[in-house]
Structures are given as C-alpha cells and as structure tokens.
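Step one of this worksheet: look at the structure below.
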Amino acid sequence: MKVILKQDIKGVGKKDQIINAADGYARNYLLPKNLAVAADTGNMNNLKAKKDSESFRKGEDLKEAQALAKKMKEMTLKFTVKAGENGRLFGAITTKEIAETLKKQYNIVVDKKKIVLPESIKVAGITNVDIKLNEGVVAILKVMVTTI
Numbered sequence: 182m183k184v185i186l187k188q189d190i191k192g193v194g195k196k197d198q199i200i201n202a203a204d205g206y207a208r209n210y211l212l213p214k215n216l217a218v219a220a221d222t223g224n225m226n227n228l229k230a231k232k233d234s235e236s237f238r239k240g241e242d243l244k245e246a247q248a249l250a251k252k253m254k255e256m257t258l259k260f261t262v263k264a265g266e267n268g269r270l271f272g273a274i275t276t277k278e279i280a281e282t283l284k285k286q287y288n289i290v291v292d293k294k295k296i297v298l299p300e301s302i303k304v305a306g307i308t309n310v311d312i313k314l315n316e317g318v319v320a321i322l323k324v325m326v327t328t329i
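Here is the structure:
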C-alpha cells in the first residue's frame, strides 16, 4: 500500500516521502497513529502543491539574500574603541557586537552565528567579514575599527 509519511520515522522514511508499506503495517500502525496518509489522488495533489510552494518560498528567500549581499558589499560598519600601543584594542570586537551594530546602524538583523570570524578583531583598521545569508550566498562586510 502506498502512503505519504507525515513525519520522519526511523527505518521507514522521511516526512513527505511516498513509501510502499505492507498493507497490515499501514492499516494497523501508520494510519491509526496519524503517521501517514493514503497516497490517493487528493493527497498526492496536496503534497505536490506543498512542495511547489516550498520551492517558490526558497527561491524568494534566495533572491532576498542575494539583494542583501549586494547591499552589504557597499556598507562599512564603524567601531570606535580605546586602544593601547601599536593599535591593539582593549578587548576585542566579536560577532555579537558586529550583529548588534549592524542592527543599530543599518537596521539589518543577522544572527551572530551566521557571521564568520576566525578570531575576534583585536587590531584597528579595516577587516572584511563574511556573513552567510543563505545556502550558497555569502556577503562580505567591511568592518572599520578606529581608535580614540
């Protein structure tokens, strides 16, 4: 019997996958526990519509991320901090501070985990920081650190 899974089931399949299950297993376990629905014409059309809308949404998200990446390429994030000799900062600029300042200066919300910074910025000057916006879309943001 062909069924469409409603959720991931270990050893059986993933959510929204069409599987060929044994009749007894489908009728006595999957269907009563609401883990799957029969793969009839109506349910197949619903699944196709769901997948189409999901792919459309992903395409829109990708376009937005590419536009934001292009916008970020022209931006410069500015920090003014205290420094000691040789331009070394007291403390460091972390991904959290970059995310907060990006929100304050440009009203762009980015999760700090998406900011790729091998180590905190500890020296005054301009540093290029990568920000993963979407799958395959990486924005480069200039971070300018000046000293008092």
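Numbering-wise (the numbering used here), the sequence shown opens with residue 182 and increments by one. Glycine included, every Cβ here is placed at the ideal spot set by N, Cα and C.
Q | Of the listed residues L258, A273 and K244, nearest to L314 (C-alpha basis) | A | The residue with the shortest Cα to Cα distance from L314 is K244.
Q | CA-to-CA distance, K323 to L270, given in whole angstroms | A | Between L270 and K323, the alpha-carbon positions lie close to 18 Å from each other.
Q) Shortest alpha-carbon distance to A305 belongs to which of T328, T276, D311 and D292? A) Per the Cα distances, T328.
Q: Consult DSSP for D197 and reduce its assignment to one of helix, strand or coil.
A: In the three-state DSSP reduction, D197 falls in the coil class, being neither helix nor strand.
Q) Is it true that the CB of I302 sits closer than 8 Å to the CB of I274? A) In this structure, I274 places its C-beta atom within 8 Å of the C-beta atom of I302.
Q: Pull up the CB-CB distance for F260 and T282, whole angstroms please, since I reckon it's below 8 Å.
A: Confirmed, Cβ separation roughly 7 Å.
Q) Comparing the CB of E300 with every heavy atom of the ligand SAM, is any distance shorter than 7 Å? A) By its list of ligands, the structure shown contains no ligand whatsoever, and the ligand SAM lies outside what it can speak to.
**Q.** Proximal residues to A264 (C-beta, below 8 Å), its chain only, five neighbours per side dropped
**A.** Scanning its chain for C-beta atoms nearer than 8 Å, with the 5 sequence neighbours on each side dropped, one finds around A264 the residues L270, F271, A305, T328 and I329, in chain order.
Q.
Based on DSSP bridge pairs, tell me the residues matched to K183.
A. For K183, DSSP records a beta bridge to N201.
Q. Does the beta-carbon of V290 have 16 or more other beta-carbons within 10 angstroms, so that it is buried, or is it exposed?
A. V290 comes out exposed.
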